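Below is one structure, written out as structure tokens, with a few remarks after it.
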Amino acid sequence: MAAPARIFGAKGGAGPIPSSAPAMNASPTYRATLSTYLAPLRRRVGVLVVLLLGSIGLLLVTPLILRSFIDSAIAGSAVAGMVTAGVAFLIAGVFNQVFEAFATYLGTDIGWRATNRLREDLTTHLFGLDMGFHNDTTPGEMIERVDGDVTAVANFISRFMVRLVAAGVLLLGVVVVCWLETAVMGAAVTVYVIGVLALLYKLRSYAVEAAEEEREVSARLYGFVEERLAGIDDIRSLGAGRLTMTRFIPVSREFFTRTTRAWRKRIAVWVTANTVFWAGDALALAIGVWLALRGSVTVGTAYLILQYVQLVRRPIEQMTQELQEMQRAAGGIVRIDGLRRLESSVGDGSESLPSGPLSIEFDKVSFSYEDRGVLDGVSFHLAPGRSLGLLGRTGGGKTTITRLISRLYDPDRGLVSVGGVDIRRVRAESLRHAVGVVTQDVQLFRATVRDNLTFFGEVDDADLLAVLDGAGLGQWVREVGLDTELGSSGQGLSAGEQQLLAFARVFLQDPGVVILDEPSSRLDPATEMLLATATERLYAGRTVVIIAHRLETVRTADDIMVVEEGRVVEHGPREHLAADPSSRYAGLLAAGRGELLSDFAP
Amino acid sequence: MSTLGLVRELIRYRPGRFFYCASMWGLVHGTPLLFGIFIGMTFDRLAAGQPLAATAWAPVIAFSALAIGRNIFIWLGDVVWIAHWNEQALQLRRNLLGWLLEAPGSRVMPLAPGEAVSTFRDDVDDLLDYMETWVDMGGLVVFGVGSVAVMASIDAGLTMLLLIPLVLTVLITRALSPQIRKRRRAMREATDEVTGFIGEAFAGVQTIKLAAAEELMLDRLRQLNQTRHRAALADTALTEVLKGVNRNMSTITIAIVLLAGAGSISAGELSIGQLTIFLTYLPRLTDYLAFVGDIIAQHRRAGVAFERMRDLSVDAPDLALLDRRPVSLEGDLPEITLPDIGIDPLLRLEVRGLNHWFPDGEEGLEGVDLVVNRGSFTVVTGKIGSGKSTLVRALLGLVPAQGEVYWNGELVEDRASFFVPPRSAYTAQVPRLFSESLADNITLGQHGATERLSDAVKLAVLDPDLERMEKGIDTMVGARGVKLSGGQVQRSAAARMLATEAELLVFDDLSSALDLHTETELWSRLRRRREVTCIVVSHRRAALERADQIVLMDRGRVADRGTLGELLQRSDLMRSLWASEPG
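Protein sequences, first through last, are from chains D and E. If you count the first sequence from 1, you need to add 478 to reach this note's numbering. If you count the second sequence from 1, you need to add 77 to reach this note's numbering.
Shown next as structure tokens:
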């Protein structure tokens, strides 16, 4: 984001992002969000449920088969019955696994289907919010909301359904089967399952905290490494290698202490759980022996108890883990809902603007940001096809004027018209097609030159190059190569070339009005020349507003407007102003000799 | 060094600890042998009926004691292993970073810093994960051999039959596990694409709005989402297949026991207790064998990980990367002992025949000669891509180059370690700051730099910026200096260089940091204060006008050299450069 954009900060209706994560049942829209995205996937969800129930049923049956095998062996029954039990065991085991695999696959598919749509809808919504909102949030936060929170929801969907519900049903199944066997067994297993669940759920939060702490310290360690590697030339040429390695020590100590502590916490939780589970096995064995000795169950049933206690291990682990995850996902859904309720302070109209050069008119426009007036009663008229040079000190309001023309903000008072139409009545899309903007800082994407030019749209290469040839940029683009990959901060292009690319984008857009914020940094001569040609062609047949940092830039402008502290202090045809020795423009011409205007502003 | 040699070298760091952990895990993996036997005894006694059944309590008690005891071994082993693991990981990371920052010689890092970090993080982890496999190995062998021996002593024929699916487990895991890693990587990459795109789209949201490109960007997001969806499914599918195969192998082995054993049981050749031993051992044995199947892949992965560390270091010998010096984990920080560089004041710097090739074979510099005398001001100029920056970077040893550099007539052997303060200092075209305070960034630990701090700040015209910062010189600049503007970063870097009081100052293009006024002021202040020798890459008039000598670069060669007047007279290139500069 351009540095000047930050001065706008939070403005308009968009409040801060709700960051609290209240309990999942706190939000009534929580269920609505889930059902919106799951409803279209109803049939898949149905199949998933059937698969899961099948797999759970088979899992419950397996120990029963083993029992019957053991009991008939002890009773000395016919081998045929035992063979049947063996075959049944094999079939149940294999099908259980097959059902479970398909269920996991389907759960993943449902999760991604639903949440990719949610990601896309959320992005559309966020694109529509005003710049006040965007200036107040970082891209990192947006990644966290659009991907982090939504992924938590994806996990929630796939896990909630596949694991949590499945684990719950399985536990319930084991308890019911045990009660059906004998009351002692049922009571023992019920107490065991509930007790272990409660204990592990408590312990788990301890482990979650540890994991978060670990993430934090490793981010710091790798941040340190990444930063020093990026500055490797600076460090080596200043002989600061020794110092850097000494600075690495406290960072590594912190990493060591906290990671070690976090791991130990995690292991402690794991060992505790493991002890409880093994104790469960021992207990199951003891109860089995006790019941068998009293003669109230068969030896096979004694083995069955052991089997069932071992069977509940996995679902108990899953339940405690997923319950934690679920809370996180619930927090994500609440935050996403909060975002979706935000509305843009800049509305949309319904009219369309014609193509070709359009007039621009400001009528007593005032605009303020957080009670600080930026523009105060600015009025001017720019006829179609004429060019206007904006001069004045940084922070005087030049950039704000251009932002109001493209309706990134609405004025507090007054009227902005383009082509004679109040821009609040114009569709945002139509307005922005009609008004092309070249900003100082060019935003590039980590993608090919072609995708950077077309915003990933599908445009025929020949058409693309034809337009660029018309702008005098075709040769340059061919030299750089349409397929060349650029880095996000423009690696692969010089500052001047990034400007050329921004020009090329505007040519492809072919707007009737062009707004140009001249780059203040120096460009190399060859690029400067290309840019001059492109600028000249861009001006032809368009209405142009230029924010100039050098007098040289506005030498060809039709009109000059000097803006100071939010007011127009001078406005008129350039030639008149140049000829009038008392004008500010003439004063600048006399003093400036083409230097950067910021140093010499009146 | 072979991967096994690597393992040996890593064990040597603290062999005592390593073998302690290995024996603890030997006990942890070995005890389940006894679990099977105790369960077997319990059920044999139960099945025998009274009076023997009453003695079934004895193995139950033994089982309980052992089950608890085993967790103590886990804890005792892990507490030590965790510390050992983290310590060794830090040691490897320190060795790598230290080599890149301190080792003599010039080298170009083959990866972008962001990618290099993944070697620091993931490759080191991969290597140590493999070491962990070695800690487990003894225990796995104990259980594997032990359980097969117990089963064979019960029924040798049946055990032979079971070996078929067990060996299959090893083979299938071996075949599939590299595939799973590949798909997981694809999944990670697809995720990076999505998050990267979201980040960029919101960083550039103003551009997108102004270009009315919202729909186009959304289409792109849809595409990336689909790719990720597919990658996630591919990953899940294969993982489930492998999991399914291994669990089914366990089911199949048990079914074999039930089917083949049915006859022997009813004939009384196989007891119920012996049956439960099979049932207890087989699931665990399949798990362990799946792990063994993965070891070969892990072995290969560890080799690749070390290879990547070696590549990143460019030229580090293996033993430097495995340097066993312990990392400092407690106590006072070591004193920073900077090599005491005797002051040999610069009288004359001479460069002869400097050549540099870019990695793609394209020539960067060809036969560049240069003489710089004490107190002179040399400007290197030329078009973009003419080799200006490469020339100064090669001179200072920041990129490898052929040719000779003489300091007062003496050949400089290793330019990279020679050209440091107080001999020389350098400001890059895109200088980097670190996330510390501005003061720490400027002094960067140089002797006496703190005393020169305020002076350097003034010289670099950074003082007006400081006035506007709430915490002034103690402002934390954020990661890579993001909290400062681009100009402020460059001015801070200039101050950092000026605080070194080096004999030779090398500036690579200050033009975007300073306006003409300030730049002119900087040069004359610097001149007035002390006798300083400067090499400046610039195309600005303020610099050119003041140059004692201008070196005009064109396509990697010196096209011409002389004073501004001379060059303007005889060089078209110089004239066109001069004309395109304002002022």
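For glycine and all other residues, C-beta sits at the position ideal for the given N, C-alpha and C. Just so it is clear, the structure is predicted and the values come from calculations on it, not from any experiment.
Item                                                                                                                        : Value
Between the CA atoms of L771 (chain D) and A566 (chain D) - distance to the nearest angstrom                                : 29 Å
DSSP-derived helix/strand/coil call for Q567 (chain E)                                                                      : helix
Proximity below 7 Å, CB of T328 (chain E) to CB of L359 (chain E)                                                           : no
Run of the beta strand (DSSP E) containing A757 (chain D), from where it starts to where it stops                           : From DSSP, A757 (chain D) is part of no beta strand (DSSP E) but of the alpha helix (DSSP H) over 719-772.
Q283 (chain E) versus G974 (chain D) - alpha carbon distance                                                                : 20 Å
F584 (chain E) in three-state terms, based on DSSP                                                                          : strand
Cβ of L707 (chain D) within 7 Å of any chain E Cβ                                                                           : yes
Residue burial classification, Y684 (chain D) (beta-carbon count within 10 angstroms, cutoff 16)                            : exposed
Test: H161 (chain E) CB closer than 7 Å to a CB of chain D                                                                  : no
Terminal residues of the beta strand (DSSP E) in which K460 (chain E) lies                                                  : Note, K460 (chain E): premise wrong, no beta strand (DSSP E); not H, not E.
Proximal residues of chain D, C-beta to C-beta of A537 (chain E) below 9 Å                                                  : Correct list: empty, because the minimum Cβ distance to chain D is about 14 Å.
Start-to-end residues for the beta strand (DSSP E) that takes in H616 (chain E)                                             : Counting along the chain, H616 (chain E) falls outside any beta strand (DSSP E), and DSSP gives it neither H nor E.
C-beta neighbour in chain D for G93 (chain E), strict 7 Å                                                                   : no
Exposure label - M386 (chain E); buried when at least 16 CB within 10 Å                                                     : buried
Buried versus exposed, by CB contacts within 10 Å (16 or more), N302 (chain E)                                              : buried
Continuous alpha helix (DSSP H) stretch holding P255 (chain E): start and end                                               : 233-280
Proximal residues to N503 (chain D) (C-beta, below 6 Å), its chain only, five neighbours per side dropped                   : Bear in mind that a pLDDT of 40 at N503 (chain D), under 50, signals an unreliable position, so the number given afterwards is only what the model happens to contain. There are no such residues.
P187 (chain E), DSSP secondary structure in three states                                                                    : coil
Alpha-carbon spacing of R568 (chain E) relative to L510 (chain E), whole angstroms                                          : 11 Å
Limits of the unbroken beta strand (DSSP E) element including H1027 (chain D)                                               : Looking at the DSSP string, H1027 (chain D) is not in any beta strand (DSSP E), and its letter there is neither H nor E.
6 Å CB neighbourhood of M326 (chain E) in its chain, flanking five on each side removed                                     : P242, T246, T363
Beta carbon of F934 (chain D) nearer than 7 Å to that of L293 (chain E)                                                     : yes
Chain D contact for I413 (chain E) (CB, 7 Å cutoff)                                                                         : yes
Sheet register partners of F845 (chain D) (DSSP bridge)                                                                     : D:L853
Inter-residue Cα distance where the pair is L886 (chain D) and V992 (chain D)                                               : 15 Å
Cross-strand partners of M630 (chain E) (DSSP beta bridge)                                                                  : E:G459, E:V635
Minimum length 4: unbroken alpha helix (DSSP H) runs contained in the stretch 780-844 of chain D                            : 791-819
Exposure of P500 (chain D), with buried meaning 16 or more beta-carbon neighbours within 10 Å                               : At P500 (chain D) the pLDDT is 35, less than 50, meaning the model places this residue with poor confidence and gives no usable figure here.
Cross-chain neighbours of I621 (chain D) in chain E, by beta carbon under 7 Å                                               : T272, I275, G276
Where the stretch 200-229 of chain E meets chain D: residues whose CB sits under 8 Å from a CB there                        : none
In chain order, each alpha helix (DSSP H) run of at least 4 residues that lies wholly inside the stretch 107-169 of chain E : 109-125
Proximity test, Cβ basis, 7 Å: Y90 (chain E) and chain D                                                                    : no
Buried versus exposed, by CB contacts within 10 Å (16 or more), M237 (chain E)                                              : exposed
Residue from D:V945, D:R891, D:F840, D:M797 whose Cα sits closest to the Cα of I634 (chain D)                               : Position check: residue 634 (chain D) holds Phe in this sequence, whereas Ile was assumed. Checking every option, the nearest Cα to that of F634 (chain D) belongs to D:M797.
Residue closest to D730 (chain D), alpha-carbon to alpha-carbon, out of E:G215, E:V322, E:L410                              : Looking at the sequence itself, residue 730 (chain D) is Ser, so the reference to Asp does not match. Ranking the options by Cα distance to S730 (chain D), first place goes to E:L410.
Counted within 10 angstroms of its Cβ, other Cβ atoms place V457 (chain E) as buried (16 or more) or exposed                : buried
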